[in-house]
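Student: Numbering-wise (full-length UniProt numbering), the sequence shown opens with residue 1 and increments by one.
Note that beta-carbon positions come from the ideal geometry of N, C-alpha and C, so glycine has one too.
Because the structure is a prediction, the values reported are computed rather than measured.
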Amino acid sequence: MIGLALTRRTRWLFLLVLPALFWAGNAVMARASVGDIPPVALNFWRWVLALALLAPFTLRDLWRHADIVRAHWHHLLAQGLVSVAAYNALLYLSLQTTTAINATLVGSSLPLMVLLLARLWLGEPIRGRALLGIVVSVAGVALVVTKGQPWRVAEVGLTPGDAIMLAATLSWALYSVMLKRFPVPLAPFTLLTALMIVGVVAAAPFYLWEAAMGASLELSARNLAVIAYTSVFASLAAYYFWNNGVVIVGAATAGQFTYLIPLFAAILGILLLGEEFRTFHAAGAALIFGGLFLAGRKKA
């Protein structure tokens, strides 16, 4: 039994790389779409499409477990608001007025937020190895986002987008810990369906307000492709792997994997934008993965 448990944990430690990859692509596409797709519209239609794709397979199961929904409605409401409705809208809004470097640096504070919230809500101890893992991973992130010149961090100015990204990061940290603190006994995709329903309903008024202010969405092939990617990969696939990973390996350990997002974003920039692969990318990757190993490794 111990061997099976360790195997399952190891498998999900590996699978938690996928949400980081999908969310890195989400950030790259959202940044590239500034001026073409309004931020709230992107968030709203992303989840509308994801819900339309998933609902035919999960609504029956959600209805069958209506008693669970009634018993945990307040937990579902809170989780849906801070994840589906708030986090992604805030992320897209932040990218309107901040640079990729700023957003990545602010977002890299997530594991520390998760670690502290997990200590306060869940009573999870803060191990010395976890703190060391954070330090090592932060060093790797700094190398990647500053292009091998970490002293540039002091030169980066703050913008309103930085504050919005900080709020987005706190929102996702709350969601990650809520998954463990207030578990809802639904199948992963059934749970995701419930959260999407909450998020879409909550986001609709803000989408209508944005449209009333004159921010229209052009139905071009490029814009539709961006929405399709965010719906299938950054929503359905990423949330499935993240939700299961948090439950199995813990919120604090799962939070360490968000350090891979800026690394993957740099790699995608190289592949899609023709940027050059440099030594600091390799060094940053080594530090990030080393920090993940330290944070996720348990004592014998």
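(1) With the cut-off set at 7 Å, would you say F22 and A238 are in Cβ contact?
(2) Could you work out which residue in S137, G128, I270 is closest to V28 when comparing CA atoms only?
(3) Mind the definition here: the segment 216-227 touches the segment 70-82 only if three or more C-beta pairs lie below 8 Å; say whether that holds.
(4) According to DSSP, is R222 part of a helix, a strand, or is it coil?
(5) Would DSSP call D36 helix, strand or coil?
(6) Using the three-state DSSP reduction, which class does V184 fall into: helix, strand or coil?
(7) Decide yes or no for the touch test of the segment 115-124 against the segment 174-188: beta carbon pairs closer than 8 Å, at least 3 of them.
(8) Can you grab the Cα-Cα spacing for the pair A228 / F280, in whole Å?
(9) Whole alpha helix (DSSP H) runs in the segment 84-145 with 4 or more residues, listed along the chain?
(10) So the alpha helix (DSSP H) R70 belongs to, where does it begin and stop?
(11) Determine the closest residue to A266 out of L195, T230, G148, with distance taken between C-alpha atoms.
(12) So which of A55, L294, A30, R46 has the shortest CA-CA distance to T97?
(13) Using 8 Å as the cut-off, can you tell me whether the segment 198-205 makes contact with the segment 9-24, which would need three or more C-beta pairs spanning the two stretches below that distance?
(14) As a quick exercise: from G80, L116, A55, S94, pick the residue whose alpha carbon is nearest that of residue 334.
(15) Quick one: is the Cβ of T58 within less than 6 Å of any heavy atom of the ligand SAM?
(16) Between the alpha carbons of G133 and G290, how many angstroms are there, rounded?
Tutor: Taking the geometry as given:
(1) As a first step, residue 22 must be located in the sequence shown, where it is residue number 22. As a first step, residue 238 must be located in the sequence shown, where it is residue number 238. Yes, the pair counts as a contact, with Cβ atoms nearer than the cut-off.
(2) By 1-based counting over the sequence shown, the position of residue 28 is 28. When each option's Cα is compared against that of V28, the closest is I270.
(3) no
(4) In the sequence shown, residue 222 corresponds to position 222, counting from 1. In the structure shown, R222 sits in a helix (DSSP, three-state: H, G or I).
(5) Here residue 36 is taken as the residue at index 36 of the sequence shown, counted from 1. Coil at D36, not helix or strand.
(6) Numbered from 1 along the sequence shown, position 184 holds the residue referred to as residue 184. It is coil, neither helix nor strand.
(7) yes
(8) As a working note, residue 228 is residue 228 in the sequence shown. As a working note, residue 280 is residue 280 in the sequence shown. Roughly 33 Å between the two C-alpha positions.
(9) 88-94, 100-107, 110-117, 128-145
(10) Here residue 70 is taken as the residue at index 70 of the sequence shown, counted from 1. Element bounds for R70: 66-71.
(11) Reading the sequence shown from its first residue, position 266 is the one you call residue 266. Of the candidates L195, T230, G148, the one whose C-alpha sits nearest the C-alpha of A266 is G148.
(12) Taking the sequence shown and counting its residues from 1, one reaches residue 97 at position 97. Nearest of A55, L294, A30, R46 to T97, Cα basis: A30.
(13) no
(14) Outside the shown range of the chain, which is 1 to 300, sits residue 334, and nothing can be said about it.
(15) Ligands in the displayed structure: none, and consequently the ligand SAM is not present.
(16) Taking the sequence shown and counting its residues from 1, one reaches residue 133 at position 133. Taking the sequence shown and counting its residues from 1, one reaches residue 290 at position 290. Straight-line Cα distance between these residues: approximately 7 Å.
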